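*Asks:* Residue numbers (my numbering): 3 to 276. In this text, a Cβ means the ideal position worked out from N, Cα and C, and glycines have one as well. Remember, it's a predicted structure, so these values are computed and weren't measured experimentally. Pasting in a structure now, in structure tokens, and then I'll have a few things to ask.
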């Protein structure tokens, strides 16, 4: 009997031992898992440090950008050169536009109408059912301006280079879109008109405008009870052509002042950059 009890106790001990070992192993695994979980959570504590670094970097970038915006004042020489370059660019583009087919004729802003001093001639011709003659003359008149514009470059550009901008800085920083063009017109319009007359006269003859005008005035003067007219076409056409070119130049200057993409050089970007 005692021997049987001894065997039973021994068997029980051998059965419990593996369970104890398994329990210990499970405990160790649990402890290990817990430690790993704890280790994984640790980097989260470093997040504030990264945020602080990002904020510091952003602040430094903002300060650097603010410093870059600071612009040194324009000198008189820069303003002078910038205005001349702006006018040169504007004149060049305006001449290209005006000298193209229908550059004057199809542009309502600069199209040259029948001479006002001979408006009676136009009205009379239309009453006599000769309106086509008037229309043909007006087209020829504007064709003359287009042809003459091709030759206007040296005259206009010469006026720009010979112009002394005593108020260059004020003009460069003016809020007026056409400040430089208006200034140039006031200083040179009469000279340009005089220099332009031989060119426009030749152009009027080549397009047939002079012949058509003479025909209309001649017919009008033959009518009974009318006061004979002898209007001069060349001075009128010269003035209107010069005015038309300046209108286009003013438009180009406005683009340079308002649109950074229209500034063709670093100097223009500096002078007209806000």
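1) Among residues of its own chain, excluding the 5 on either side of residue 114, which ones have a beta-carbon nearer than 8 Å to its beta-carbon?
2) Return helix, strand or coil for residue 190, following the three-state DSSP convention.
3) By how many angstroms is the C-alpha of residue 87 removed from the C-alpha of residue 264?
4) Among the candidates 94, 93, 112 and 126, whose CA atom is the shortest distance from the CA of residue 229?
5) Please identify the residue among 262, 169, 178 and 175 whose C-alpha is closest to the C-alpha of residue 189.
6) Would you tell me roughly how many angstroms separate the C-alpha atoms of residue 131 and residue 225, rounded to the nearest one?
7) Apart from the five residues on each side of it in sequence, which residues of its chain come closer than 8 Å, Cβ to Cβ, to residue 89?
8) How about the stretch 257-275 and the stretch 208-227: do they share at least three Cβ pairs that are nearer than 8 Å?
9) Which ranges does the alpha helix (DSSP H) cover as unbroken runs of at least 4 residues, wholly within the stretch 130-210, from first to last along the chain?
10) Secondary structure at residue 74, three-state DSSP: helix, strand or coil?
11) Residue 174 to residue 159, Cα distance in whole Å?
12) Rounded to the nearest angstrom, what separates residue 262 and residue 109 at their Cα positions?
13) Between residue 274 and residue 258, how many whole angstroms is the CB-CB distance? I'm expecting something under 8 Å.
14) Are residue 231 and residue 120 close, meaning C-beta to C-beta below 8 Å?
15) Suppose the cutoff is 8 Å on Cβ atoms and the five residues either side in sequence are ignored; what does the same chain contact list for residue 165 look like?
16) Along the chain, where does the alpha helix (DSSP H) that runs through residue 114 open and close?
17) Does DSSP put residue 98 in a helix, a strand or coil?
18) Leaving out five residues on either side along the sequence, give the residues of the same chain with a beta carbon under 7 Å from the beta carbon of residue 66.
19) Residues in the same chain with beta-carbon distance under 7 Å from residue 123, minus the five sequence neighbours each way, listed in chain order, please.
20) Anyone know if the C-beta pair for residue 198 and residue 150 falls short of 8 Å?
21) For residue 272 and residue 176, what's the separation of their Cα atoms in angstroms?
22) Terminal residues of the continuous alpha helix (DSSP H) containing residue 104?
23) Determine whether the beta carbon atoms of residue 112 and residue 154 lie at a separation below 8 Å.
24) With distances taken from CA atoms, which of 91, 236, 82 and 156 is nearest residue 253?
25) Please classify residue 229: does DSSP put it in a helix, a strand, or coil?
26) Residue 134: buried (16+ other C-beta within 10 angstroms of its C-beta) or exposed?
27) Whole angstroms is fine: what's the gap from residue 77's alpha carbon to residue 83's?
*Replies:* Quick answer:
1) Position 112 of the chain shown, counted from the start, is the residue given in the question as residue 114. Within the same chain, residue 114 has close Cβ partners 106, 140, 143, 144, 147, 239, 242, 243 and 246.
2) Against the chain shown, residue 190 aligns to sequence position 188. Helix at residue 190.
3) Start at 1 with the first residue of the chain shown, and residue 264 comes out as number 262. Start at 1 with the first residue of the chain shown, and residue 87 comes out as number 85. Straight-line Cα distance between these residues: approximately 12 Å.
4) As a working mapping, residue 229 is identified with position 227 in the chain shown. When each option's Cα is compared against that of residue 229, the closest is 126.
5) Sequence index remark: in the chain shown, residue 189 carries index 187 (1-based). If we check each option's Cα against that of residue 189, 169 comes out closest.
6) Mapped onto the chain shown, residue 131 falls at position 129. Mapped onto the chain shown, residue 225 falls at position 223. Roughly 15 Å between the two C-alpha positions.
7) To locate residue 89, count along the chain shown from 1; it is residue 87. Excluding positions up to five away in sequence, the list reads 162, 182, 183, 186, 251 and 255.
8) no
9) 133-151, 155-163, 170-174 and 181-209
10) For the purposes of this step, residue 74 is taken as residue 72 along the chain shown, with counting starting at 1. Residue state, collapsed to three classes: coil.
11) Position 172 of the chain shown holds residue 174. Position 157 of the chain shown holds residue 159. Going from the Cα of residue 174 to the Cα of residue 159 covers about 19 Å.
12) Along the chain shown, one-based indexing puts residue 262 at 260. Along the chain shown, one-based indexing puts residue 109 at 107. Rounded to whole angstroms, residue 262 to residue 109 spans 26 Å at the Cα level.
13) For this step, residue 274 is matched to residue 272 along the chain shown. For this step, residue 258 is matched to residue 256 along the chain shown. Confirmed, about 6 Å.
14) Here the question's residue 231 lines up with position 229 in the chain shown. Here the question's residue 120 lines up with position 118 in the chain shown. Closer than 8 Å, so yes.
15) On the chain shown, position 163 is the one that residue 165 refers to. Closer than 8 Å at Cβ, skipping near neighbours: 86, 186, 189 and 190.
16) As a working mapping, residue 114 is identified with position 112 in the chain shown. No alpha helix (DSSP H) holds residue 114; DSSP gives it neither H nor E.
17) Position 96 of the chain shown, counted from the first residue, corresponds to residue 98. Residue 98: helix per DSSP, three-state reduction.
18) Residue mapping note: residue 66 aligns to position 64 of the chain shown, counting from 1. Annotation note: pLDDT 47 at residue 66 (below 50); position unreliable, no value reported.
19) Numbered from its first residue, the chain shown carries residue 123 at position 121. The answer, listed in chain order, is 218, 219, 222 and 231.
20) On the chain shown, residue 198 is found 196 positions in, with the first residue counted as 1. On the chain shown, residue 150 is found 148 positions in, with the first residue counted as 1. Going by C-beta atoms, residue 198 is nearer than 8 Å to residue 150.
21) Locating residue 272 in the chain shown gives position 270, where the first residue counts as 1. Locating residue 176 in the chain shown gives position 174, where the first residue counts as 1. Roughly 14 Å between the two C-alpha positions.
22) The residue you call residue 104 lines up with position 102 of the chain shown. Segment: none, residue 104 is in no alpha helix (DSSP H) and carries neither H nor E.
23) Reading the chain shown from its first residue, position 110 is the one you call residue 112. Reading the chain shown from its first residue, position 152 is the one you call residue 154. Taking 8 Å as the Cβ cut-off, residue 112 and residue 154 do not qualify as a contacting pair.
24) Along the chain shown, read from residue 1 onward, the residue named residue 253 stands at position 251. If we check each option's Cα against that of residue 253, 91 comes out closest.
25) Position 227 of the chain shown, counting from 1, holds the residue named residue 229. If DSSP states are grouped into helix, strand and coil, residue 229 belongs with coil.
26) Numbered from its first residue, the chain shown carries residue 134 at position 132. So residue 134 ends up on the exposed side.
27) Position 75 of the chain shown, counted from the start, is the residue given in the question as residue 77. Position 81 of the chain shown, counted from the start, is the residue given in the question as residue 83. The straight-line gap from Cα to Cα measures roughly 10 Å.
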